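Colleague: Handing you a structure now.
Protein chains in written order, with my numbering: chain Z, 721 to 900; chain D, 662 to 1288.
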């Protein structure tokens, strides 16, 4: 269960640098890393060993969280291929997609003012999930073919969907709160 | 601190020696200490056979400090010097106090450090110091009944405790001379007590109704990760409300006008409340309770309260707790039927009607076979026992998550999240900052904790001044600030300027909580040693430490020396000779510095040794065995 903090996350978990990874293997490996390195295992060790254990588990946790999330994994893979971008500020430049995002925002607004907002928002939320799944398949293919710049566009689209899904979820929670 | 001494992970250095470790439940009303003996976890009693220690501390003018029921008996005669419920003050600032007024009728004094101090006959004290007295008392009780010194403790904290509150709890433990293995969330401890951490997966609800507080936590276990999905509760709802309902009912039937404002008959009210409490307890097992209480000089007032009547009285309060449960479930996206286990915590869950309503809401019988007052301490004791290495064969892995998001202040008084809540800890995250003025050499970072967007809605944790940034044009300096949260949920921060490699010095000014210097002063005060004694002792301590470090380095090099390159070895040897020289002198600071230098230069070596030792433990085992 050697951990070399200079390895990339794929190397750490013994994966080749592909988008689709074996989630089962990821969780198993993660748990055996944790079993070996968690600070609880070093409760009786000295300060320095405890510090190293904290650093190592923090690295393992970060690697696991990155590989587990479809969105984070896509960004990380691109970064490994030297495709740098700032996911917080950059958006997709695809004109058709931009139109679509505006429409989706409107749909969220409409749903919030519908007769039965909860039902509409739930429906929208499911639709967004389906869209995300499609983008994930697109990204997998594009990355496979090394169409990195196209893949980057797809990753940015995924980012948009994730944010919108969160917004919808927040709205749903608000409505539910009012029902109480 | 022993340098380079490596014990095999999960195993104690001396496998057959049982190490004394305890779990401590530092509660708002009562505190407990528990330990595992012959494989069974149970709480420890005092000389009189009492397990619960009232979380009350009394400070007298002559410097005496009393803890527990001895202090509690003075609560009414000496209220200003008898401090109760200080848990509500942990990690709180002066500003937070207004919200707590009414609960805590104490006199506060202002202090520059922002930490509220309570004025007592024995001097001004902080909540940390008061809690330390309680912990010290528990420690003495444990060491007395176990007959030895404790190697470490697990202390429980509410799941919603933020960094400042956790830090304050840990500070109190330091002050009480305890080695904290881990701060454990109270609901997680309760789940551990029922062995729910041994299961593969599932959602657990922890319903905690104490005397004055109510908490509901929804936990999810996925492959050994205990995740707090949501928490909720009311800090002014509990079994005391049940007593009050009975008292009001009684006085109404006796046709006694209550005028609490005038407080005209304090003695009468105390008698009535005491009787109400007794009646409540009787009704936990009986269908009706006979009440007899002296309301005036002439005769006793007698009446019977049935369980049904009692249930009608307390129903509104229980309904409130159920509403909180519903809210907590919704926030975690879980249906009541998804909840596999409901664990009851807190003395007030003994009331059958509470259990009934909870069972009805979740659609299953709650777990009640462990004493609800003790369940948190029992779980903490089990975890402490594992962490002490008393069960090397038992696989343990209890991962926790960050309870509240961590962020920094950005333009417009908004908070930018850096680490989201529910991220598995430990976690490290780096954030880049840049200068916005030419030649800027310093910047200030404001760290906050909470889920809201505005700075004013979150809890301010600390302000960092990054100084020593090399002067450059605006935007050219890249300062990487690294936030690290350890397994206890405590934050530390470091910073570095990327292009020059200059370490910007980080000055932490805790907004709440105590500074390290304050803690150190308190510790030093508590030693009450003459200055010379202190110096002598420090020197002796450092010499012993130096010898131990040198000794373990020798054996580490003998065993794993080949892990080092010639250069690395030479560097370590050099540090070693500096330490040897310092060891001969009488400057304790110089020895300390030399030890630190040796430690930092051998850091990489230790990491490699740990890797090797972890690998050796794993050798010959399949990965699944460690699942």
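Think of the CB as a built atom: it goes at the ideal place given N, C-alpha and C, for glycine as much as any other residue.
Quick caveat: nothing in here was measured; it's all calculated off a predicted structure.
With a threshold of 8 Å, are at least 3 pairs of Cβ atoms found where one atom belongs to the region 843-855 of chain D and the other to the region 815-835 of chain D?
Modeller: yes
Colleague: Excluding the 5 residues flanking residue 1189 of chain D on each side, which residues of the same chain have their C-beta closer than 8 Å to its C-beta?
Modeller: Taking the first residue of the second chain as position 1, residue 1189 of chain D is located at position 528. Its pLDDT being 42, under 50, residue 1189 of chain D is placed unreliably in this model, and the value from its coordinates should be taken loosely. For residue 1189 of chain D, where only same-chain residues beyond five positions count, there are no Cβ hits under 8 Å.
Colleague: Since residue 879 of chain D and residue 995 of chain D should fall inside the 8 Å C-beta cutoff, what is the C-beta to C-beta distance between them, to a whole number of angstroms?
Modeller: The count along the second chain starts at 1 and reaches residue 879 of chain D at position 218. The count along the second chain starts at 1 and reaches residue 995 of chain D at position 334. Confirmed, about 6 Å.
Colleague: Would you check if the distance between the CB atom of residue 830 of chain D and the CB atom of residue 751 of chain D is smaller than 8 Å?
Modeller: Stepping through the second chain from its first residue, residue 830 of chain D is reached at position 169. Stepping through the second chain from its first residue, residue 751 of chain D is reached at position 90. Cβ atoms of residue 830 of chain D and residue 751 of chain D: closer than 8 Å.
Colleague: Identify the continuous alpha helix (DSSP H) that holds residue 838 of chain D and give its terminal residues.
Modeller: On the second chain, residue 838 of chain D is found 177 positions in, with the first residue counted as 1. Per DSSP, residue 838 of chain D belongs to no alpha helix (DSSP H) and is neither H nor E.
Colleague: Determine the extent of the alpha helix (DSSP H) in which residue 825 of chain Z is found, giving its start and end residues.
Modeller: Working through the first chain from its first residue, we reach residue 825 of chain Z at position 105. Element bounds for residue 825 of chain Z: 815-832.
Colleague: In whole angstroms, what separates the C-alpha of residue 1005 of chain D from that of residue 842 of chain Z?
Modeller: Numbered from 1 along the second chain, position 344 holds the residue referred to as residue 1005 of chain D. Numbered from 1 along the first chain, position 122 holds the residue referred to as residue 842 of chain Z. One C-alpha to the other measures close to 34 Å.
Colleague: Taking just the CA atoms, how far does residue 862 of chain Z sit from residue 1052 of chain D?
Modeller: Looking up residue 1052 of chain D in the second chain gives position 391. Looking up residue 862 of chain Z in the first chain gives position 142. In a straight line, the C-alpha of residue 1052 of chain D is about 51 Å away from that of residue 862 of chain Z.
Colleague: Helix, strand or coil: which one does DSSP assign to residue 978 of chain D?
Modeller: Position 317 of the second chain holds residue 978 of chain D. If DSSP states are grouped into helix, strand and coil, residue 978 of chain D belongs with the helices.
Colleague: Between residue 828 of chain Z and the ligand GTP, is the CB less than 7 Å from at least one heavy atom?
Modeller: Ligands displayed in this structure: none; no statement on the ligand GTP is therefore possible.
Colleague: List in chain order: all unbroken beta strand (DSSP E) runs of 3+ residues lying wholly within the region 782-836 of chain D.
Modeller: 784-786, 813-818
Colleague: For residue 682 of chain D and residue 1061 of chain D, which I take to be in contact (beta-carbon distance under 8 Å), what is that distance rounded to the nearest angstrom?
Modeller: As a working note, residue 682 of chain D is residue 21 in the second chain. As a working note, residue 1061 of chain D is residue 400 in the second chain. At roughly 19 Å, the Cβ-Cβ gap does not stay under 8 Å, so residue 682 of chain D and residue 1061 of chain D are not in contact.
Colleague: For residue 1184 of chain D, which residues in the same chain have their Cβ closer than 8 Å to its Cβ, ignoring the five residues on either side in sequence?
Modeller: Your numbering for residue 1184 of chain D matches position 523 in the second chain. The pLDDT assigned to residue 1184 of chain D is 48, lower than 50, so where the model puts this residue is not dependable; a value taken from the coordinates is nonetheless given after this. Cβ neighbours of residue 1184 of chain D beyond the five flanking positions: 835, 836.
Colleague: Using only the alpha-carbon positions, how far apart do residue 1173 of chain D and residue 840 of chain Z sit?
Modeller: One-based indexing of the second chain puts residue 1173 of chain D at position 512. One-based indexing of the first chain puts residue 840 of chain Z at position 120. Because the pLDDT of residue 1173 of chain D is 49, which lies under 50, any placement of that residue in the model is unreliable, and the number read from its coordinates should be weighed accordingly. Roughly 45 Å separates the two Cα atoms.
Colleague: In chain D, which residues lie less than 9 Å from residue 789 of chain Z when you measure between Cβ atoms?
Modeller: As a working mapping, residue 789 of chain Z is identified with position 69 in the first chain. What residue 789 of chain Z touches in chain D: nothing, since even the nearest Cβ is about 11 Å away.
Colleague: Is residue 690 of chain D helix, strand or coil when you go by DSSP?
Modeller: The sequence position of residue 690 of chain D within the second chain is 29, counting from 1. DSSP, reduced to helix, strand and coil, places residue 690 of chain D outside both helices and strands of the structure shown, so it counts as coil.
Colleague: Along the beta strand (DSSP E) that carries residue 1078 of chain D, what are the first and last residues, could you check?
Modeller: Stepping through the second chain from its first residue, residue 1078 of chain D is reached at position 417. Looking at the DSSP string, the run of the beta strand (DSSP E) that includes residue 1078 of chain D is 1075-1080.
Colleague: Is the shortest distance between the beta-carbon of residue 782 of chain Z and the beta-carbons of chain D less than 8 Å?
Modeller: Translated into the one-based positions of the first chain, residue 782 of chain Z becomes position 62. Answer yes: the Cβ-Cβ gap between residue 782 of chain Z and chain D drops below 8 Å somewhere.
Colleague: Mind checking residue 740 of chain D: buried by the 16 CB within 10 Å criterion, or exposed?
Modeller: Within the second chain, the letter at position 79 stands for residue 740 of chain D. When all chains shown are included, residue 740 of chain D counts as exposed.
Colleague: In the DSSP assignment, what residue or residues form a beta bridge with residue 1071 of chain D?
Modeller: Looking up residue 1071 of chain D in the second chain gives position 410. Answer by DSSP bridge pairing, in chain order: D:1075.
Colleague: What are the partner residues of residue 865 of chain D, as DSSP defines its beta bridges?
Modeller: One-based indexing of the second chain puts residue 865 of chain D at position 204. The partner list for residue 865 of chain D (beta bridge, DSSP) reads D:880, D:1002.
Colleague: For residue 666 of chain D, which residues in the same chain have their Cβ closer than 7 Å to its Cβ, ignoring the five residues on either side in sequence?
Modeller: Along the second chain, one-based indexing puts residue 666 of chain D at 5. Because the pLDDT of residue 666 of chain D is 42, which lies under 50, any placement of that residue in the model is unreliable, and the question is left without a value.
Colleague: Taking only beta-carbon atoms, is residue 875 of chain D less than 8 Å away from chain Z?
Modeller: Taking the first residue of the second chain as position 1, residue 875 of chain D is located at position 214. No, residue 875 of chain D does not count as interfacial toward chain Z.
Colleague: For residue 888 of chain Z, would you say it is in contact with chain D, using Cβ-to-Cβ distances shorter than 8 Å as the test?
Modeller: Locating residue 888 of chain Z in the first chain gives position 168, where the first residue counts as 1. Output row for residue 888 of chain Z: interface = no.
Colleague: Below 8 Å between beta carbons: does that hold for residue 1092 of chain D and residue 1130 of chain D?
Modeller: Locating residue 1092 of chain D in the second chain gives position 431, where the first residue counts as 1. Locating residue 1130 of chain D in the second chain gives position 469, where the first residue counts as 1. No, they are not a contact pair.
Colleague: By Cβ distance below 6 Å, which residues in the same chain neighbour residue 863 of chain D in space, the five residues on each side in sequence not counted?
Modeller: The residue given as residue 863 of chain D occupies position 202 in the second chain. Closer than 6 Å at the Cβ level, and outside the excluded window around residue 863 of chain D, lie 882, 1001.
Colleague: How would you label residue 781 of chain Z, buried or exposed, when you count the other beta carbons within 10 angstroms and need 16 or more for buried?
Modeller: Here residue 781 of chain Z corresponds to residue number 61 of the first chain, with the count starting at 1. Per the 10 Å Cβ criterion, buried.
Colleague: If I'm right that residue 695 of chain D touches residue 1039 of chain D with Cβ under 8 Å, what's the distance once you round it to whole angstroms?
Modeller: Position 34 of the second chain, counting from 1, holds the residue named residue 695 of chain D. Position 378 of the second chain, counting from 1, holds the residue named residue 1039 of chain D. Residue 1039 of chain D and residue 695 of chain D do touch by the CB rule: their CB atoms are close to 5 Å apart, below 8 Å.
Colleague: Is it buried or exposed, residue 691 of chain D, if we count other Cβ atoms within 10 angstroms and call 16 or more buried?
Modeller: For this step, residue 691 of chain D is matched to residue 30 along the second chain. By the 10 Å Cβ count, residue 691 of chain D comes out buried.
Colleague: List the residues of chain Z that residue 1087 of chain D touches, going by C-beta distances under 7 Å, in chain order.
Modeller: Numbered from its first residue, the second chain carries residue 1087 of chain D at position 426. The answer, in chain order, is 759, 774, 777, 778, 781.
Colleague: From the DSSP output, in three-state form, read off residue 1093 of chain D for me.
Modeller: In the second chain, residue 1093 of chain D corresponds to position 432, counting from 1. Strand, per DSSP.
Colleague: Ignore the nearest five residues each way along the sequence and tell me which others in residue 923 of chain D's own chain have a CB closer than 6 Å to its CB.
Modeller: Sequence index remark: in the second chain, residue 923 of chain D carries index 262 (1-based). Because the pLDDT of residue 923 of chain D is 44, which lies under 50, any placement of that residue in the model is unreliable, and the number read from its coordinates should be weighed accordingly. Same-chain partners within the cutoff: there are none.
Colleague: Is residue 910 of chain D near residue 956 of chain D, with beta carbons less than 8 Å apart?
Modeller: Position 249 of the second chain, counted from the start, is the residue given in the question as residue 910 of chain D. Position 295 of the second chain, counted from the start, is the residue given in the question as residue 956 of chain D. Not closer than 8 Å, so no.
Colleague: Verify the CB distance criterion: does residue 1069 of chain D have a CB-CB separation below 8 Å to chain Z?
Modeller: Sequence index remark: in the second chain, residue 1069 of chain D carries index 408 (1-based). Not closer than 8 Å to any Cβ of chain Z, the Cβ of residue 1069 of chain D fails to qualify, so no.
Colleague: Which residue wins for smallest C-alpha separation from residue 986 of chain D, given the options D:1067, D:933, D:875?
Modeller: Against the second chain, residue 986 of chain D aligns to sequence position 325. Comparing Cα positions, the closest option is D:875.
Colleague: Any idea if residue 723 of chain Z is buried or exposed, counting beta-carbon neighbours within 10 angstroms, 16 or more meaning buried?
Modeller: For this step, residue 723 of chain Z is matched to residue 3 along the first chain. Residue 723 of chain Z is buried by the Cβ-count criterion.
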